[in-house]
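Going by UniProt numbering, the sequence shown opens with residue 1, and the numbers climb by one from there.
Ideal Cβ positions, reconstructed from N, Cα and C, are used throughout, including at glycine.
Predicted model, so just to flag it, every value in this text is computed and none were measured.
Since the structure comes first, as structure tokens, the remarks are kept for the end.
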Amino acid sequence: MQTLPKPASSSTDLSAVDTMIRRRKTRSVPVGSIFIGSDHPVVVQSMINEDTHDIEGATAAIRRLHELGCEIVRVTVPSLGHAKAVAQIKQRLRDTYLDVPLVADVHHNGMKIALEVAKHVDKVRINPGLYVFEKPQESRTDYSDQEFAAIADQIRATLEPLVISLRDQGKSMRIGVNHGSLAERMLFTYGDTPEGMVESALEFIRICESLDFHNLVISMKASRVPVMLAAYRLMAQRMDDLGMDYPLHLGVTEAGDGEYGRIKSTAGIGTLLAAGIGDTIRVSLTEAPEKEIPVCYSILQALGLRKTMVEYVACPSCGRTLFNLEEVLHEVREATKHLVGLDIAVMGCIVNGPGEMADADYGYVGKTPGFISLYRGRDEIKKVPEAQGVAELINLIKADDRWVDPE
Ligand code: SF4
């Protein structure tokens, strides 16, 4: 009987499968003391809600976020007065805390505001759909080539001073396209589509490049995850085709709150990061900005892109489970959660547990009723009564010299 040739790698041969996330190669873009790009960890950012006229309140909010791990903080500057106030906020941060990397969000007709705030922050975010306001005309059904070119000239003239200012100061710009605020002529030409979003960004990128300014970060946010995914993928593809290597800022806008807001953000941001797309992230929740930071870190940790907490591997429990898994996992977590960098498994039984611990550094596995086994990697080290399980796990980690006392 003829036998079929063996495939080079079978579906169970995981050693042959590449499990690394390979990030799309980008340039490094500075934002104060932080760099955004594929040679650096994916950067976490968020935005304060405080009015920048409230110098004390805004300074405290920025500090709070930064202390939680938010590496770049965004503020919004709706007027020239707000832009000027950012100078005081930046100074207050330097005097009382740290020079936290700041980004200013500039919206409608923001040229003067952007020019002012560019003096005080490390990066300016502009929205191509709003930077030069094109008043929609109800009767309009089309844009002629001449009209298109005239607006493009106006955009160039308006953007140029900001680009020159940022370029000469060694600062950066985010070209932040939003699906919900595409310029009318983009809508007429490309429809309400990811193509329109990408073309909108490319128009601004080309102006920046013509002025020899390359400290650019691009975003393609949308509130619907499939639209956001398509826009970022298309942007990455187009940039690759055009030889552009700008980093991408990922986010799902108006994700909402609670569990669904987190799931929606994770579906969008996590899917792209897993494909190697994305260099900085913001989870936008309709909650206090402080709540966004743990979600960012959980996404990055789950993908193995950053390690900011202990990785716990735990089985869901089943009829074979030999102890109260939820309780024990809680006890193990409380005792070891400060040992950032370790992977610890809590598994209900020895039937499947040891094989499924996913190469954890240590394992706590149900052995026989009333007893558990402790593992170092794949090696069973000792069997102990369940009541001593957590204490013995700590002893084992101490014996390996991998224990530190909690702060
Ligand atoms: S490890 Fe054991 S107890 Fe846990 S789910 Fe698998 S079979 Fe059940």
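Check, Outcome
"Is residue 78 near ligand 1, in the sense that its beta carbon is under 7 angstroms from a heavy atom of that ligand?", "no"
"Can you tell me where the beta strand (DSSP E) with residue 254 in it begins and where it stops?", "From DSSP, residue 254 is part of no beta strand (DSSP E); its letter is neither H nor E."
"Within 7 angstroms: the Cβ of residue 22 and any heavy atom of ligand 1?", "no"
"With residue 49 as the anchor, note down where its beta strand (DSSP E) starts and where it stops.", "Segment: none, residue 49 is in no beta strand (DSSP E) and carries neither H nor E."
"Please list the terminal residues of the continuous beta strand (DSSP E) segment that includes residue 387.", "From DSSP, residue 387 is part of no beta strand (DSSP E); its letter is neither H nor E."
"Which class does residue 363 belong to by DSSP, given the choice of helix, strand or coil?", "strand"
"Would you be able to state if there are at least three C-beta pairs under 8 angstroms between the region 168-184 and the region 113-131?", "yes"
"Residue 288 by DSSP, collapsed to three states: which one?", "coil"
"Please report the distance separating the alpha-carbon of residue 325 from that of residue 65.", "34 angstroms"
"Could you give the DSSP three-state label for residue 172: helix, strand or coil?", "strand"
"Under a Cβ-count criterion, where at least 16 other Cβ atoms within 10 Å of its own Cβ denotes burial, should residue 10 be classed as buried or exposed?", "The predicted position of residue 10 is uncertain, since its pLDDT is 40 and thus under 50; no value can be drawn from it."
"Would you say the region 53-63 touches the region 190-206, given that touching needs at least three Cβ pairs under 8 angstroms?", "no"
"Per DSSP, what are the beta-bridge partners of residue 96 in this structure?", "Bridge partners of residue 96: none, in fact."
"Could you check where the alpha helix (DSSP H) with residue 414 kicks off and where it finishes?", "The structure shown does not extend to residue 414, since the chain is modelled only from 1 to 407, so the question has no answer here."
"For the structure I just gave you, are there three or more beta carbon pairs, one from the region 271-287 and one from the region 239-254, closer than 8 angstroms?", "yes"
"Please list the terminal residues of the continuous beta strand (DSSP E) segment that includes residue 311.", "311-314"
"Mind checking which residues open and close the alpha helix (DSSP H) that includes residue 236?", "225-242"
"For residue 371, name the three-state secondary structure that DSSP assigns.", "strand"
"Tell me the start and end of each unbroken beta strand (DSSP E) in the region 305-354 that is at least 3 residues and wholly inside, in chain order.", "311-314, 343-347"
"Could you round the C-beta distance between residue 44 and residue 232 to whole angstroms and report it? I think they count as a contact, below 8 angstroms.", "Incorrect: roughly 18 angstroms between the Cβ atoms, too far for contact."
"Rounded to whole angstroms, what is the Cα-Cα separation between residue 17 and residue 381?", "30 angstroms"
"So what does DSSP say about residue 393, is it helix, strand or coil?", "helix"
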